[in-house]
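**Student:**
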Amino acid sequence: MTLDPSPSQTVGPFFAFGLPFDGGGDLVPPGTAGAISLHGTVRDGAGAPVPDALLEFWQAGPDGRIPSRAGSLARDGRSFTGFARVPTDRSGDYTVRTLRPGPIAHSPEAPHLAVTVFARGLLHHLFTRVYFPNHVEANAADPLLSALPEERAATLMAVPDGWFGGPGYRFDVRLQGPGETVFLDLIGGSE
Amino acid sequence: MSPAAPERRRTEQDEVTDAIRAAAAVDPQRGGHPDRAYAPYRSTGLRAPSQPLVVAPASLLEQTAPVFGAKDVRPTDADLTVHSTGEPLGERIVVTGRVLDRDGRPVRNQLVEVWQANASGRYAHDGDRHPAPLDPHFTGGGRCLTDDDGRYRFVTIKPGAYPWRNHHNAWRPAHIHFSLFGTAFTQRLVTQMYFPGDQLFHLDPIFSSVTDEKAQQRLIATYDHDTTVAEWALGYQWDIVLDGPGATPPDPDEV
Numbered sequence: 000m001t002l003d004p005s006p007s008q009t010v011g012p013f014f015a016f017g018l019p020f021d022g023g024g025d026l027v028p029p030g031t032a033g034a035i036s037l038h039g040t041v042r043d044g045a046g047a048p049v050p051d052a053l054l055e056f057w058q059a060g061p062d063g064r065i066p067s068r069a070g071s072l073a074r075d076g077r078s079f080t081g082f083a084r085v086p087t088d089r090s091g092d093y094t095v096r097t098l099r100p101g102p103i104a105h106s107p108e109a110p111h112l113a114v115t116v117f118a119r120g121l122l123h124h125l126f127t128r129v130y131f132p133n134h135v136e137a138n139a140a141d142p143l144l145s146a147l148p149e150e151r152a153a154t155l156m157a158v159p160d161g162w163f164g165g166p167g168y169r170f171d172v173r174l175q176g177p178g179e180t181v182f183l184d185l186i187g188g189s190e
Numbered sequence: 000m001s002p003a004a005p006e007r008r009r010t011e012q013d014e015v016t017d018a019i020r021a022a023a024a025v026d027p028q029r030g031g032h033p034d035r036a037y038a039p040y041r042s043t044g045l046r047a048p049s050q051p052l053v054v055a056p057a058s059l060l061e062q063t064a065p066v067f068g069a070k071d072v073r074p075t076d077a078d079l080t081v082h083s084t085g086e087p088l089g090e091r092i093v094v095t096g097r098v099l100d101r102d103g104r105p106v107r108n109q110l111v112e113v114w115q116a117n118a119s120g121r122y123a124h125d126g127d128r129h130p131a132p133l134d135p136h137f138t139g140g141g142r143c144l145t146d147d148d149g150r151y152r153f154v155t156i157k158p159g160a161y162p163w164r165n166h167h168n169a170w171r172p173a174h175i176h177f178s179l180f181g182t183a184f185t186q187r188l189v190t191q192m193y194f195p196g197d198q199l200f201h202l203d204p205i206f207s208s209v210t211d212e213k214a215q216q217r218l219i220a221t222y223d224h225d226t227t228v229a230e231w232a233l234g235y236q237w238d239i240v241l242d243g244p245g246a247t248p249p250d251p252d253e254v
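Taken in order, these protein sequences are the chains called A and B.
Numbering that gives the first Met the number 0 puts the first residue of the first sequence at 0, with every later residue one more than the last.
Numbering that gives the first Met the number 0 puts the first residue of the second sequence at 0, with every later residue one more than the last.
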């Protein structure tokens with residue numbers, strides 16, 4: 000039996016009281032050893048900030064384990080659930096506080112965060128990934144990064160920058176136009 | 000001879016309706032999902048990517064999904080009529096259905112989130128400028144977990160239709176926004192559930208962005224008298240099928 004999927008529809012402009020939750024971007028509490036800030040701006044085809052986008056992040060922990068703990072929506076300050084959800088603000092900016100993911104055993108991909116982008120005007124969400132530049136060898140061997148032209152692969156690479164609370168990385172999302180982020184049609188899996 | 004009827008002036012809605020028909024005449028969409036670049040919905044203009052998506056095998060990470068549990072939702076989150084000190088105005092309804100993967104297997108113990116306008120067609124959001132009344136007793140956000148059959152159930156108020164600024168005299172058919180997770184990251188879905196018989200469907204660029212009529216039907220709930228609760232609330236059934244391959248959820252003892 001193969002059922003036809005339910006079609007996607009836009010998240011619209013009014014998700015603010017439905018989807019974001021307190022602490023949505025805080026995968027770890029402030030002051031956690033090794034915490035990083037991952038932040039950036041979502042821009043449209045004209046380069047204007049997108050103030051009504053919603054980003055979700057899913058990742059392994061520093062030990063390379065994929066979390067299977069509940070509690071993302073009611074964080075207890077101890078459990079690393081691997082899931083973050085943040086709306087962009089009026090300037091199109093977002094911030095997530097997290098830990099860098101470690102390599103997942105038997106994964107051909109370099110460590111990365113899986114990202115979903117939702118916005119008014121997007122009839123179907125977009126998938127992308129955040130990679131980190133310090134995994135030089137793993138990135139060079141990554142099946143996706145190595146298949147992309149250099150300037151396109153660069154759109155998936157977090158850029159180290161300063162943050163008052165420790166190391167910070169910038170990851171901007173360009174929905175359309177110059178420097179457009181690589182968005183993914185993810186296929187296969189465990190079938 | 001009767002005089003010719005005065006010519007009706009062409010409206011902006013007529014132009015949008017023509018564009019909707021033109022878009023529906025081209026090839027069917029893959030999986031029934033809307034194309035991101037869809038001219039009748041004007042906000043897609045600067046937001047739909049111009050480059051084709053890059054086809055990539057889902058990573059081991061993307062073959063898994065976040066886990067949610069009882070601590071993530073309160074039992075009252077599923078009843079949108081009890082989030083205030085008083086009862087909201089409008090038609091109380093029950094909306095229920097199953098979340099399934101493409102093989103028909105239930106998606107168990109997974110998070111379902113909803114948000115919607117109130118009975119007057121107004122969202123509890125600063126950006127909503129529709130001059131319809133806010134309801135002090137209705138916010139319009141809800142959450143629940145699916146059960147072992149993949150079933151979710153919400154009690155809410157039937158949302159009203161509302162105007163928006165896509166074009167002159169544009170109105171959205173009444174709908175409830177749904178957000179769903181599967182057992183794989185690739186199954187993520189945000190969509191909208193509509194009510195049967197709405198006269199606005201074919202005037203609405205968002206509903207019509209799904210161009211295949213059969214796929215459109217999958218967005219519309221069914222009135223279900225067995226779901227209706229006597230002397231209390233009308234019932235609607237709406238099943239949701241998630242895209243992409245599912246994954247076997249991790250064994251919590253193993254990871």
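In this text, a Cβ means the ideal position worked out from N, Cα and C, and glycines have one as well.
Given the structure is predicted, the values throughout are model-derived calculations rather than measurements.
Around the Cβ of residue 132 of chain B, are there at least 16 other Cβ atoms within 10 angstroms (buried) or fewer (exposed)?
**Tutor:** With fewer than 16 Cβ atoms within 10 Å of its Cβ, residue 132 of chain B is classed as exposed.
**Student:** Leaving out five residues on either side along the sequence, give the residues of the same chain with a beta carbon under 6 angstroms from the beta carbon of residue 155 of chain A.
**Tutor:** So the list reads 128, 130 and 181, once near-sequence residues are dropped.
**Student:** For residue 10 of chain A, would you say it is in contact with chain B, using Cβ-to-Cβ distances shorter than 8 angstroms as the test?
**Tutor:** At least one chain B Cβ lies under 8 angstroms of residue 10 of chain A.
**Student:** Using the three-state DSSP reduction, which class does residue 56 of chain B fall into: helix, strand or coil?
**Tutor:** Strand at residue 56 of chain B.
**Student:** Any idea what DSSP makes of residue 186 of chain A, helix, strand or coil?
**Tutor:** Of the three classes helix, strand and coil, the one that applies to residue 186 of chain A here is strand, per DSSP.
**Student:** At the level of alpha carbons, what is the spacing between residue 94 of chain A and residue 28 of chain A?
**Tutor:** Rounded to the nearest angstrom, the two C-alpha atoms are 13 angstroms apart.
**Student:** So residue 134 of chain A contacts chain B; which residues on that side make the cut at Cβ distance below 8 angstroms?
**Tutor:** Going along chain B, no residue has its Cβ under 8 angstroms from residue 134 of chain A, so there is no contact; the nearest lies around 14 angstroms.
**Student:** Starting from the Cα of residue 165 of chain B, find the closest Cα among B/205, B/141 and B/184 and give me that residue.
**Tutor:** When each option's Cα is compared against that of residue 165 of chain B, the closest is B/205.
**Student:** Beta-carbon separation of residue 105 of chain B and residue 71 of chain B under 8 angstroms?
**Tutor:** Cβ distance not < 8 angstroms, so residue 105 of chain B and residue 71 of chain B don't count as in contact.
**Student:** Taking beta-carbon pairs under 7 angstroms, can you tell me which members of the region 85 to 101 of chain B lie near chain A?
**Tutor:** Listed by position along the chain: 99 and 101.
**Student:** Between which two residues does the alpha helix (DSSP H) harbouring residue 145 of chain A extend?
**Tutor:** From DSSP, the alpha helix (DSSP H) with residue 145 of chain A extends over 142 to 146.
**Student:** Quick one: what's got a C-beta closer than 6 angstroms to residue 178 of chain B's C-beta in the same chain, skipping five residues either side?
**Tutor:** Answer for residue 178 of chain B: 112 and 189, listed in chain order.
**Student:** For residue 45 of chain A, which of A/21, A/174, A/183 and A/187 has the nearest alpha-carbon?
**Tutor:** Nearest C-alpha to residue 45 of chain A: A/174.
**Student:** Can you list the alpha helix (DSSP H) stretches of 4 or more residues lying completely in the region 98 to 154 of chain A, in chain order?
**Tutor:** Runs found: 135 to 140, 142 to 146 and 149 to 152.
**Student:** Taking a cut of 7 angstroms between CB atoms, which residues from the region 125 to 146 of chain B lie near chain A?
**Tutor:** Result list: 126, 127, 138, 139 and 140.
**Student:** With DSSP collapsed to three states, give me the class of residue 56 of chain A.
**Tutor:** In the structure shown, residue 56 of chain A sits in a strand (DSSP, three-state: E or B).
**Student:** Count the CB pairs spanning the region 8 to 26 of chain B and the region 136 to 149 of chain A that are closer than 8 angstroms, and state whether there are at least three.
**Tutor:** With the cut-off at 8 angstroms, the region 8 to 26 of chain B and the region 136 to 149 of chain A do not touch.
**Student:** Using a Cβ-Cβ cut-off of 8 angstroms (strictly less than) and excluding sequence neighbours within five positions of residue 104 of chain A, which residues of its own chain qualify?
**Tutor:** Around residue 104 of chain A: 63.
**Student:** Consult DSSP for residue 19 of chain B and reduce its assignment to one of helix, strand or coil.
**Tutor:** In the structure shown, residue 19 of chain B sits in a helix (DSSP, three-state: H, G or I).
**Student:** Once DSSP output is grouped into helix, strand and coil, what is the label at residue 140 of chain B?
**Tutor:** Looking at residue 140 of chain B - three-state DSSP - the assignment turns out to be strand.
**Student:** Return yes when the Cβ of residue 143 of chain A is within less than 8 angstroms of the Cβ of residue 108 of chain A, no when it is not.
**Tutor:** For residue 108 of chain A and residue 143 of chain A, yes; Cβs fall inside 8 angstroms.
**Student:** Which stretch, first to last residue, makes up the beta strand (DSSP E) that contains residue 160 of chain B?
**Tutor:** Counting along the chain, residue 160 of chain B falls outside any beta strand (DSSP E), and DSSP gives it neither H nor E.
**Student:** Any C-beta of chain A sitting closer than 8 angstroms to the C-beta of residue 166 of chain B?
**Tutor:** It does not: the Cβ of residue 166 of chain B has no partner Cβ on chain A nearer than 8 angstroms.
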